[in-house]
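Comments concern the structure below.
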Amino acid sequence: MASQVLLLVTASACASNKTSQRDAAWASHFIEQAVHIEARARAVGMARLHDVRAEQMELRGWMETLSKELTLGGPEAQGPGHYALACGARALGQDAESRAHLEAAWNAGFREPRVAWARAQALSERYRVLRLEALATPDADERKVLDEDAERQYREPVLTLLRQASGAQVPSSDYGAALVALHEDRLDAALALLEPLGTKHPWFVEARLLRADVFLLRAAQRWGRGDKVHAREDLTAGRQALTEARATAESFAPAHLAQARFETAAMNLTRADLSGAVLLLSGEDPTPAKWGVEALDMAARVDPGNAGFACEKARFLNVLVEHLDRAQHHNDAVREDAIKAAQHALALDAASACGRAEWSRALVQQTEEFTRQNSVGSPELGEALELLDTTPPSARDLAFHRLRARLLHAWADSIFETGRPAVGSLGWQRRDQAIEAYRLVLAIEARIPADQVRLGELLLARGSDPAAKDASADLDQAEAAWEKAVRLHMKAPEVWLLEARIRMAQALRQRARGEDAGPNLAKAATVIEAAITPGAREPSLHHALGRILMEQAKEAWEHGGDPSALLDKAEAAQAQATTLAPLLAMGRLGQAAVHAARAEYAWRRGADPTDEAARAFAFYSQARSVPRPRKDERFAGLYYSAQLQARPLVEQGRDPEPMLLSPLHELDTMEGFHRDRVVHHRAHGALYGLLARYSARTNAEEAELGFSGAEKHYAEILNLEPTHQEARLELGQLLREWAVARKAAKKDPEPLLSRGLTLADALLKERPNWAEARLLRAAILRTKDPASPQAREDRDAALKANANLAPGWRRQFPEDGPLKP
6 MASQVLLLVT ASACASNKTS QRDAAWASHF IEQAVHIEAR ARAVGMARLH DVRAEQMELR
66 GWMETLSKEL TLGGPEAQGP GHYALACGAR ALGQDAESRA HLEAAWNAGF REPRVAWARA
126 QALSERYRVL RLEALATPDA DERKVLDEDA ERQYREPVLT LLRQASGAQV PSSDYGAALV
186 ALHEDRLDAA LALLEPLGTK HPWFVEARLL RADVFLLRAA QRWGRGDKVH AREDLTAGRQ
246 ALTEARATAE SFAPAHLAQA RFETAAMNLT RADLSGAVLL LSGEDPTPAK WGVEALDMAA
306 RVDPGNAGFA CEKARFLNVL VEHLDRAQHH NDAVREDAIK AAQHALALDA ASACGRAEWS
366 RALVQQTEEF TRQNSVGSPE LGEALELLDT TPPSARDLAF HRLRARLLHA WADSIFETGR
426 PAVGSLGWQR RDQAIEAYRL VLAIEARIPA DQVRLGELLL ARGSDPAAKD ASADLDQAEA
486 AWEKAVRLHM KAPEVWLLEA RIRMAQALRQ RARGEDAGPN LAKAATVIEA AITPGAREPS
546 LHHALGRILM EQAKEAWEHG GDPSALLDKA EAAQAQATTL APLLAMGRLG QAAVHAARAE
606 YAWRRGADPT DEAARAFAFY SQARSVPRPR KDERFAGLYY SAQLQARPLV EQGRDPEPML
666 LSPLHELDTM EGFHRDRVVH HRAHGALYGL LARYSARTNA EEAELGFSGA EKHYAEILNL
726 EPTHQEARLE LGQLLREWAV ARKAAKKDPE PLLSRGLTLA DALLKERPNW AEARLLRAAI
786 LRTKDPASPQ AREDRDAALK ANANLAPGWR RQFPEDGPLK P
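Counting from 6, one number per residue, gives the positions in the sequence shown under the numbering used here.
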């Protein structure tokens, strides 16, 4: 790790009395300097806790002298000179620089056993860091990739170097044998070899640190097999080894950093079993979170000016926030501490890429949380993006690109979920940029399905947007991303959900064009049903299945079939989602939607919708604590279910206003902010339309105002989304009803009927087989001319396509009597 403090190194790694065969003088000189550096570093590390910056300055002076001597020494000095510089860099905690110097020494021909041993130790330590980083990674697929990469990159090189190190002076042959056992995945053997070293060589801190790492790796294996009892015992033993190492060398910062790495990995390993209290930083009881932060604070006391240590603390706190329950109030405090730590890192080193990343990461977390909690998105994301974009190209690794993609994704989501941004606006720009950012991530690393899923979700969202420039291309690319994800991990729930959502989007596009949506809906249902294996505990799968079944029920209805059985299955799926996640709103909202659909179909069949609509209203009322994406669904559902109950009242000549306004008692005032305007206007357009129909019986002037108000709401919808088919159908129906009211009031209905006819013609051009649009045209033509042959032809064709519409026609034209479609 760059910029660490003085590192306690083993005498065998960096010092030996055996001189180089190539140039005894230079080798003797540089090895003597290495011995001097190592002895000084050991003395500093073993001392009581103190600020080591003065000793660091002294060591850097020696390093500068060595560098000058290396330059003056010519080719013969290169091997031993780089070896000595590697020892110095290692003592300063500059591990990457130390490995580079060791490689340079090796390439210069300085390949004595001591160099092989030093390289083996350095590469093995890097291997362990990568393995612990993998353990700390929440995504199982990414964890597997990181583990495989660490094994592939370091296993054979380390084992080869250990064989080449034969004859090197080492403090314990058991330590070398333990390294071999570790890299051959014989963890039990490695621990057995390391156990006595703490007693034999109490100064040998590296043995205890290695032992802690091996305990953690074995704990992960045991945890994965379900042996949690022995895994916890290994974690306890690993912590004990770290405690002993830190007590032995209080000013040895890598021991403190090792504790933080250990706790980060352990928290992720056991996250499913951790309560919020275990992760708290406050309170008297020790916890993994407290152990990690206290260790990082100790490292900072060793070197208060080390930006890397401040950034490690920011990273640890950011990881902690992601492990904490989202509902816990201390999330914000921990996140603020992470931001302060990242800012401190940048204050110490303005070029710190890690400081930029962790500050940005905290702001992204904050925005994601705001989006989930129905709050306004973080205005600091612009600052976070600017901060990230100042990262030099050389530091832009995979983690950088993934964080940047995540930032842009969160920013786009926060904008789209607070409104309906226009094409070309900031929301569209950020979503487009997020798509390109994930493509760049996948160009670097294509083996992690979660990244393919995120790209697919963004493409799906863009392709499903009514304003999409090329929806077909976006959906095709989303499907391609899904295909790559499914090849990588067939059983991941998010992969199944992505496919189902793509099939749903394709089906809805087919329906909008008048094509058969059934096959794609069936595929979507099959996908989710296959994912719901016995014992599956993922509520989103059941919720998704319920949604698909609802669309299948609608498809059946629109073709004259009975949707009842499909609605029953949808209700069962949503009930299961509620059972699995009683605190989430998805299941209750899904159950509410099923009851609302039953009420709608009952009304259209000529039955009373009141009971089912009341059940829907009750479920929508219960779903109070919902995130912003669900707020619009709850709002629309409350108004819709109230309007379903109001329709019979209007037919009976009873005042519907109290029922129509009942949703106001269920909605929080704050819920009105950032509501989707299409949802808002559609709910109010239907409300005004029902009030106008009621008023038309007794007060033509009031009815005119009501119809006009409803029309304005629908005009706003079409201004926002000109292609909205359902809204245009509803507007056409409203215009016909308004025309009927005008005709009864002895006013000219013709302009309204002409506008309605234009809407119906346009809908049938887009969707030729849509029975409801054809019946709308029939109703308008019939209102214009009761004897219209075209009206009769359209009516008969519509009812032949969907006999379920016959009761609705009789409600408008009772004089026609029973009809045979």
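In this text, a Cβ means the ideal position worked out from N, Cα and C, and glycines have one as well.
Over the uninterrupted alpha helix (DSSP H) stretch that includes residue i, give me the two end residues.
i: Gln795; result: 794-806
i: His685; result: 682-700
i: Asn525; result: 523-536
i: Val185; result: 178-188
i: Leu322; result: 312-328
i: Phe115; result: Note, Phe115: premise wrong, no alpha helix (DSSP H); not H, not E.
i: Asn809; result: No alpha helix (DSSP H) contains Asn809, which DSSP labels as neither H nor E.
i: Arg459; result: 454-469
i: Asn273; result: 258-274
i: Thr395; result: Here Thr395 belongs to no alpha helix (DSSP H), and DSSP marks it neither H nor E.
i: Pro544; result: 544-563
i: Glu363; result: 358-377
i: Ser72; result: 58-78
i: Ala483; result: 476-493
i: Pro343; result: Before going further, note that residue 343 is Ala rather than Pro in the sequence given. Per DSSP, Ala343 belongs to the alpha helix (DSSP H) from 336-353.
i: Arg150; result: The amino acid occupying residue 150 in the given sequence is Val; Arg does not appear at that position. Here the alpha helix (DSSP H) through Val150 covers 145-169.
i: Ala612; result: Note, Ala612: premise wrong, no alpha helix (DSSP H); not H, not E.
i: Ser175; result: For the record, residue 175 in the displayed sequence is Val; it is not Ser. Element bounds for Val175: n/a, residue is neither H nor E.
i: Ala732; result: 730-749
Using 9 Å as the threshold, is the C-beta distance between residue i and residue j below it?
i: Ala705; j: Ala749; result: yes
i: Asp144; j: Leu493; result: no
i: Ala1; j: Glu363; result: Since the first and last residues shown for the chain are 6 and 826, residue 1 lies out of range.
i: Ala598; j: Ala618; result: no
i: Ala490; j: Val446; result: no
i: Ala212; j: Ser177; result: yes
i: His87; j: Ala109; result: yes
i: Trp228; j: Leu274; result: yes
i: Ala246; j: Ala217; result: yes
i: Arg116; j: Tyr159; result: no
i: Gln648; j: Leu665; result: yes
i: Leu386; j: Leu412; result: yes
i: Leu64; j: Ala46; result: yes
Since residue i and residue j should fall inside the 8 Å C-beta cutoff, what is the C-beta to C-beta distance between them, to a whole number of angstroms?
i: Ala182; j: Leu198; result: 5 Å
i: Glu317; j: Ala250; result: That belief does not hold up - the Cβ atoms of Glu317 and Ala250 are roughly 17 Å apart, past 8 Å.
i: Ala271; j: Leu240; result: 6 Å
i: Met555; j: Ala510; result: Not confirmed; about 15 Å, so no contact.
i: Leu768; j: Leu734; result: 6 Å
i: Asp342; j: Ala312; result: Incorrect: roughly 17 Å between the Cβ atoms, too far for contact.
At a threshold of 8 Å, does residue i count as lining the ligand MN (C-beta to nearest heavy atom)?
i: Asp681; result: Absence of the ligand MN from the depicted structure is noted, as is the absence of any ligand whatsoever, leaving it without description.
Leaving out the 5 sequence neighbours to the left and right, which residues in its chain are closer than 7 Å to residue i when beta-carbon positions are compared?
i: Thr788; result: Arg741, Ala744, Val745, Leu758
i: Ala16; result: Any answer about Ala16 is weak, because its pLDDT of 39 lies below 50 and its placement is not dependable; what the coordinates show is given next. If we look at Ala16 and ignore the five residues flanking it on each side, its Cβ neighbours are Glu43, Pro176.
i: Glu576; result: Gln596, Val599
i: Phe818; result: Arg787
With a threshold of 8 Å on Cβ separation, who are the neighbours of residue i within its own chain once the five nearest residues in sequence on each side are excluded?
i: Trp67; result: Gln38, His41, Ile42, Gly93
i: Ser256; result: Val10, Leu11, Val49, Gly50, Met51, Ala52, Arg53, Leu54, His55, Val57, Val307
i: Val283; result: Residue placement at Val283 is poorly supported in this model, since its pLDDT is 49, which falls under 50; the coordinates are not used for a value here.
i: Ala580; result: Gly592, Gln596
i: Lys559; result: Pro568, Ala602
i: Trp487; result: Gln457, Val458, Gly461, Val500, Leu503, Glu504, Ile507
i: Lys770; result: none
i: Pro201; result: Asp179
Tell me which same chain residues have a C-beta within less than 6 Å of the C-beta of residue i, skipping the five on either side of it?
i: Val163; result: Ala125, Leu128, Ser129, His188
i: Leu643; result: Tyr625, Pro668, Glu671
i: Gln795; result: Leu786
i: Glu102; result: Ala94
i: Arg815; result: none
i: Glu268; result: Pro293, Trp296, Gly297
i: Val428; result: Ala472
i: Gln26; result: Residue placement at Gln26 is flagged as unreliable, the pLDDT there being 47, under the threshold of 50; a coordinate-derived value is accordingly withheld.
Can you confirm whether residue i, when its beta carbon is compared against all beta carbons of chain D, has any partner nearer than 9 Å?
i: Ser399; result: Given the protein chain composition of this structure (a single chain), no chain D is represented.
So, does the stretch 686-698 touch the stretch 436-448, judging by three or more C-beta pairs under 8 Å? no
For the structure I just gave you, are there three or more beta carbon pairs, one from the stretch 713-729 and one from the stretch 680-688, closer than 8 Å? yes
Do the stretch 449-464 and the stretch 400-416 touch if we need at least three Cβ pairs shorter than 8 Å? yes
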